[in-house]
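See structure below.
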Amino acid sequence: MKSYALFQKDFHSELRTRYAINSLAMFIIVAISVILFSIGNENISPGLTGGLFWVIIFFSAMSGLSRAFVSEEERGTSLTLQLIASPATVFTGKLLFNLILVFLMNIVITLLYSMLFAEFIIQNYLLFFLTFVFGNIGIAISSTLIAAIIAKAGSKGTLYPVLSFPILLPLILTSVKLTSFAIDGVPISEAFFELAIVLCYDIIMISASYMLFDFIWKD
Amino acid sequence: MTDFSLQIHSLQKSFGRRLVFNGITFKLNKAGVMGISGPNGSGKSTLIKILAGINSPTKGQVIHSSDGKEIISEKLHNYIGFVSPYLVLYDEFSAWENLTYFSSIRKISFDKVKVENLLDQFLLLNRKDDLVKAYSSGMKQRLKFIFALMHSPLFIFLDEPTSNLDDEGKLTVYNLIQSESKKAIVVVASNEKSDLIHCDEVLDLNNYKN
Amino acid sequence: MIWKIFLFLLLCFVSIAGIAFPIVQSPTKWYEFPFILGLEQNAKIIFFHVPTSWLTVIAFLMSTIFSIQYLRKKNLDDDAKSYAAAQLGIIFCILATVTGSVWSKFAWGSFWSWDPRQTSIFALLLIYGAWFALRSAIESEDKRATLSAVYSIIAFLTVPFFIFIMPRIMTGLHPGSADDTNAGPIIDFKMNFSMQLIFFLSMIGFTILYFWMWNLGYKSIILKEKINRQLTRG
Chain C
19 MKSYALFQKD
29 FHSELRTRYA
39 INSLAMFIIV
49 AISVILFSIG
59 NENISPGLTG
69 GLFWVIIFFS
79 AMSGLSRAFV
89 SEEERGTSLT
99 LQLIASPATV
109 FTGKLLFNLI
119 LVFLMNIVIT
129 LLYSMLFAEF
139 IIQNYLLFFL
149 TFVFGNIGIA
159 ISSTLIAAII
169 AKAGSKGTLY
179 PVLSFPILLP
189 LILTSVKLTS
199 FAIDGVPISE
209 AFFELAIVLC
219 YDIIMISASY
229 MLFDFIWKD
Chain Z
6 MTDFSLQIHS
16 LQKSFGRRLV
26 FNGITFKLNK
36 AGVMGISGPN
46 GSGKSTLIKI
56 LAGINSPTKG
66 QVIHSSDGKE
76 IISEKLHNYI
86 GFVSPYLVLY
96 DEFSAWENLT
106 YFSSIRKISF
116 DKVKVENLLD
126 QFLLLNRKDD
136 LVKAYSSGMK
146 QRLKFIFALM
156 HSPLFIFLDE
166 PTSNLDDEGK
176 LTVYNLIQSE
186 SKKAIVVVAS
196 NEKSDLIHCD
206 EVLDLNNYKN
Chain S
3 MIWKIFLFLL
13 LCFVSIAGIA
23 FPIVQSPTKW
33 YEFPFILGLE
43 QNAKIIFFHV
53 PTSWLTVIAF
63 LMSTIFSIQY
73 LRKKNLDDDA
83 KSYAAAQLGI
93 IFCILATVTG
103 SVWSKFAWGS
113 FWSWDPRQTS
123 IFALLLIYGA
133 WFALRSAIES
143 EDKRATLSAV
153 YSIIAFLTVP
163 FFIFIMPRIM
173 TGLHPGSADD
183 TNAGPIIDFK
193 MNFSMQLIFF
203 LSMIGFTILY
213 FWMWNLGYKS
223 IILKEKINRQ
233 LTRG
């Protein structure tokens, strides 16, 4: 269908230019290295590793997810997209691209992180998995929407984390809590409220995105 | 022959608090060519973008109809062809790839024969698999025409259509406007007299400045 | 004019009364405040901290409402109203954060302890900051108004989380948090009559001050733009 075709175009373009993958992969390695070096030989509590995990995810998202809209705007192809797709199709296509990117990126981060940080041991795998899935969906949705906004503004690079952080804050706070629950082995029945918060966040943000995107996209 | 029309009621556009034009009203209900003229900065590009549904007016309405029914803005893009100097195509893809993606994103079946004819008409057939990055500005302009026509639109909007083209290219465009104007509504915005000569009527933006 | 004098006198009275009236164990005179467990001597900051926090939220709400009006009507006057509200909102937010952390130092020992309410006001400060940063990055008036309106609305959606949900899931020091057995001095009416009087007068005074400043603010923005246009037109 149409948004899938748009995703295919973006994916194909990415394979040709390899922009996002290269810079994003390097960013993840650099971010994790910086934290490893800063910690040195200190022992850190398992809860702290949970928090740092989401810090790396947030900054990696800020590094890679704005490209979906910023590249179109900078090259002038936004007009082309307006001529071939409705705003809803454009948003869905870009969201699909960012979802795949977020999941790929965070799987890599999770693997590297568990290898390099000995204290990061998950006891409740199912809870971590649910947090991972719903949290990543939330990050993708909000990041895509904010990327659409900053694509139309100047100084895009620095503006992106500044605008995204307050919007992602509820999601990150709850996800950090859930991750520390998963590390401590808290059963899912006790984490219902927090999981519900993350799910509600996803639903609210995606509804708001579709309603507001028309205003952002069309001049 | 489908029944289609383009109606404009009391159109006004302001950027912030600066008025660009005011009080434009007209109706086109059969195939033909209309021109928009005016000096640089008078709002020709703005007007033609509003007519194409790309920008919104500050006041007034633009209504596109096909078969007597209004076309809603979400679906409008499939009925419209648009060419302008500031339109950019994807230069990491070849011409052919650009056009196939445009079809699949529009969800309109890719008419291979028609596209090849168009490429031939605009002298791009032997370069269709080269990346757009390597095209000259004239070739890019001609590719934009193919993009605008490949889905047989009812409404064709051309903003400065002969920019970047040599005399042979200009002739192709004028022939094209003649043939398309028999089955579609064509609107041409231009400074050049040679572009506007072919129009059935011309709207001068100087008359709508207050 | 007479309203301005009245407002001036009201706010003077509230400020002096709020700071000067003594707090004693069992108030006997009309100008004495009771001793509230948990708040004690530093209770007086309630006259300044609560109104400023309240007003920063009101300002944010108004900014968002006028943003929505702009999106519907595309009238730049609504954008000016939204901007004037946000300007006041960020000032009150900074005041609320500062009065809050001063209070926090005396009541709980440190200037900042990531209590959920503190985190919420900090998040609101970040939202305001981001909003102004976005506005300064866009040249075109229409685009600036539209994009900042959209951002206001998105940010507004996160506010319920901070106000209602976060205090429930996190333990905190604020009166009324998850683990506080006191319901808080306002709800429990531990304040005696004169304290309540000063408190509500303070709320009313600050609210009138806010609306007056907002009124002046948006009108001056609209006038300034008119003058700019006259000047550039030459």
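Protein chains in written order, with my numbering: chain C, 19 to 237; chain Z, 6 to 215; chain S, 3 to 236.
Ideal Cβ positions, reconstructed from N, Cα and C, are used throughout, including at glycine.
On a predicted model such as this, the values are computed, not experimentally measured, just so you know.
Following the DSSP letters along the chain, one finds residue 119 (chain S) inside the alpha helix (DSSP H) bounded by residues 118-138.
Residues are counted here when their Cβ sits less than 7 Å from a Cβ of chain C; for the segment 92-117 of chain Z these are 92, 93, 94, 95, 97, 106, 107, 109, 110, 111, 112, given in chain order. For residue 91 (chain C), no beta strand (DSSP E) encloses it; the enclosing alpha helix (DSSP H) starts and ends at 85-93. Where residue 200 (chain Z) is concerned, there is no enclosing beta strand (DSSP E), although the alpha helix (DSSP H) around it starts and stops at 198-201. By the C-beta criterion, the segment 128-144 of chain Z is judged not to be in contact with the segment 75-86 of chain C, since fewer than 3 inter-stretch pairs fall below 8 Å.
Around residue 117 (chain C), the same chain offers 158 as residues with beta carbons nearer than 6 Å, after the five sequence neighbours per side are excluded. A straight-line Cα-Cα distance of about 47 Å links residue 178 (chain C) and residue 199 (chain Z).
Secondary structure note for residue 67 (chain Z): its beta strand (DSSP E) is the uninterrupted segment 64-71.
The beta-carbon of residue 231 (chain S) is placed less than 8 Å from the nearest beta-carbon of chain Z. Under the 8 Å criterion on CB atoms, residue 162 (chain C) is classed as non-interfacial with respect to chain Z. Beta-bridge partners of residue 32 (chain Z) (DSSP): Z:12. Residue 22 (chain C) and residue 120 (chain Z) have their alpha carbons spaced roughly 23 Å apart. Scanning its chain for C-beta atoms nearer than 7 Å, with the 5 sequence neighbours on each side dropped, one finds around residue 81 (chain Z) the residues 58, 69, in chain order.
Remark: C-beta atoms of residue 95 (chain Z) and residue 95 (chain C) approach each other more closely than 8 Å. Per the DSSP secondary-structure output, residue 85 (chain Z) pairs in a beta bridge with Z:160. The beta carbon of residue 170 (chain C) sits closer than 8 Å to some beta carbon of chain S.
In this structure, residue 102 (chain C) and residue 147 (chain Z) do not form a Cβ contact; the two beta carbons are roughly 19 Å apart against a cut-off of 8 Å. Residues of chain Z whose Cβ lies closer than 8 Å to the Cβ of residue 76 (chain S) are, in chain order, 63. Within its own chain, the residues whose Cβ lies closer than 7 Å to the Cβ of residue 27 (chain Z), once the five positions on either side in sequence are excluded, are 17, 213, 215, listed in chain order. Under the Cβ criterion (8 Å, minimum of three pairs), the segment 162-175 of chain Z counts as touching the segment 45-64 of chain Z.
Residues of chain S whose Cβ lies closer than 7 Å to the Cβ of residue 222 (chain C) are, in chain order, 159. Here the segment 206-222 of chain C makes no contact with the segment 124-137 of chain C; the two share fewer than three CB pairs at distances below 8 Å. Chain S places no beta carbon closer than 8 Å to that of residue 26 (chain Z), leaving this residue out of the contacts. Beta-bridge partners assigned by DSSP to residue 40 (chain Z): Z:193, Z:207.
If you draw a straight line from the Cα of residue 202 (chain C) to the Cα of residue 142 (chain C), it comes to about 8 Å. Minimum Cα-Cα distance from residue 20 (chain C) among the listed residues C:35, C:105, C:61, C:70 corresponds to C:105. DSSP places residue 73 (chain S) in the uninterrupted alpha helix (DSSP H) bounded by 48-75. Between residue 176 (chain C) and residue 72 (chain C), the C-beta gap is not smaller than 8 Å, which leaves the two residues out of contact. Within chain Z, no residue has its beta carbon less than 8 Å from that of residue 112 (chain C); the closest one is some 12 Å off. For the pair residue 49 (chain C) and residue 136 (chain S), the CB atoms are not nearer than the 8 Å cut-off. For residue 26 (chain Z), the three-state secondary structure derived from DSSP is strand. Burial state of residue 171 (chain Z) is exposed, judged by a 10 Å Cβ sphere holding fewer than 16 other Cβ atoms. Here the segment 144-163 of chain C lies against the segment 209-229 of chain C, with 3 or more beta-carbon pairs under 8 Å apart.
Looking at the DSSP output, residue 75 (chain Z) bridges to Z:70. In terms of beta-carbon proximity, residue 213 (chain C) stays away from the interface with chain S, with every pair separated by 8 Å or more. Within 9 Å of the CB of residue 13 (chain Z), no CB atom of chain C is found; the nearest one sits about 18 Å away.
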